[in-house]
Ligand code: CP
Ligand code: NVA
């Protein structure tokens with residue numbers, strides 16, 4: 015298995031399933047009293063160039079539940095590539111900690127960290143992808159439907175980092191992935207090309223649309239995310255003009271499968287990409303999904319550097 019956790023595309027379906035199965039086991043164990051100290055004495059260094067609630071707290075708590083510890087390094091302290099070269103940071107930090115989790119602006123920076131680090135590097139979100147989120151998303155879908163195979167996932171909104179990882183995990187595990195997004199906000203072609211290769215092996219179907227109504231027809235999962243990702247703040251006004259037809263509201267949800275679940279990686283911009291009615295409504299899986307970050311990441315951590 016790959017030493018680092020940088021992208022869903024780096025793993026075989028079997029390896030992804032191994033991590034998910036472990037997460038399912040650890041979640042059950044945690045609920046019935048606690049986890050064994052599979053990461054006893056291990057420390058995860060967490061580099062953040064952007065804000066975070068879920069990623070920061072769920073990684074920290076995952077380490078604690080497994081007998082380890084986590085160290086938070088804020089943007090001001092590290093100054094990734096500004097105060098110090100990434101190659102130096104990676105070589106210094108990997109002498110202190112047992113694994114590094116990093117949230118960065120440029121995907122290249124994660125690759126650079128991984129290149130120079132002697133310990134596993136975990137991608138906690140870049141401008142290209144968000145693989146830890148996709149693992150929690152798959153876990154949530156599997157808990158609800160018992161499988162990923164044949165599940166119709168409709169992503170409504172920006173073809174962003176979250177969409178890339180969701181598309182890849184769907185294509186790897188045999189779920190059908192449809193996206194409806196405005197022109198100019200397509201998923202980057204290199205990610206789509208890779209997805210087609212994975213889909214050819216799993217039997218997953220990929221569909222790229224402009225019309226959100228067409229996209230949600232027969233959907234078991236409707237997924238949305240912010241219209242403006244971190245780092246794109248200057249484009250926010252323009253995006254707010256283009257994206258309103260892509261709002262996930264009660265009308266759109268009513269056009270999907272009657273047992274549809276609605277997902278959002280959070281943070282949500284209520285009243286923009288999702289309405290309160292939907293976020294707090296009977297189809298919402300938002301908080302289970304957020305909580306599953308904790309359990310999904312335990313599977314990743316233990317597989318990368320624990321005693322499974
Ligand atoms: N979904 C997610 O990664 O949330 P945070 O930005 O709060 O970590
Ligand atoms: N697409 C969002 C996800 C946040 C978890 C962003 O990059 O800001």
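Numbering (my numbering), first residue to last: 15 to 322. Even for Gly, the Cβ is constructed at its ideal location relative to N, Cα and C. Only a predicted model underlies this, so the values are computations on that prediction, with no experimental measurement involved.
| Item | Value |
| --- | --- |
| Within the continuous beta strand (DSSP E) that includes residue 87, where are the two ends? | 83-87 |
| How is the beta strand (DSSP E) around residue 237 delimited, first residue to last? | 235-238 |
| Alpha carbon to alpha carbon, what distance is there between residue 108 and residue 61? | 12 Å |
| Within the present structure, is the beta-carbon of residue 63 separated from the nearest heavy atom of the ligand CP by less than 7 Å? | no |
| Closer than 7 Å: is that where the CB of residue 12 sits relative to any heavy atom of the ligand NVA? | The chain is shown from 15 up to 322; residue 12 falls before or after that span and cannot be answered. |
| Can you tell me where the alpha helix (DSSP H) with residue 121 in it begins and where it stops? | 121-130 |
| Leaving out the 5 sequence neighbours to the left and right, which residues in its chain are closer than 7 Å to residue 72 when beta-carbon positions are compared? | 307, 308, 311 |
| Using a Cβ-based criterion (distance less than 7 Å to any ligand heavy atom), does residue 279 qualify as near the ligand NVA? | yes |
| Using beta-carbon positions only, say whether residue 159 and residue 165 come within less than 8 Å of one another. | yes |
| Compute the minimum distance between the beta carbon of residue 147 and the heavy atoms of the ligand CP, and state whether it is under 7 Å. | yes |
| Just grab the DSSP bridge partners of residue 94 for me. | 98 |
| Taking only runs of the alpha helix (DSSP H) that begin and end inside the segment 131-219, which ones reach a length of at least 4 residues, in chain order? | 145-159, 175-187, 203-216 |
| Suppose you measure from the CA of residue 254 to the CA of residue 145; what does that come to, to the nearest Å? | 26 Å |
| Let me know the secondary structure DSSP gives residue 62 once reduced to three states. | strand |
| With DSSP as the reference, label residue 223 as helix, strand or coil. | strand |
| Is it the case that the Cβ atoms of residue 213 and residue 220 are separated by a distance below 8 Å? | yes |
| If we call anything under 8 Å between Cβ atoms a contact, is residue 51 one with residue 80? | yes |
| Which whole-angstrom value describes the C-beta separation of residue 174 and residue 243, a residue pair presumed to lie in contact below a C-beta threshold of 8 Å? | 5 Å |
| Measuring alpha carbon to alpha carbon, tell me which residue in 256, 16, 70, 192 is nearest residue 117. | 70 |
| Residue range of the beta strand (DSSP E) that residue 276 falls in? | 275-278 |
| Quick one: any contact between the segment 275-293 and the segment 249-267, if contact means 3 or more CB pairs under 8 Å? | yes |
| Quick check: the Cα distance between residue 89 and residue 114, rounded to an integer number of angstroms? | 15 Å |
| Take every Cβ of the segment 263-274, pair it with every Cβ of the segment 230-237, and state whether three or more of those distances are shorter than 8 Å. | yes |
| Tell me where the alpha helix (DSSP H) around residue 68 begins and ends. | 68-79 |
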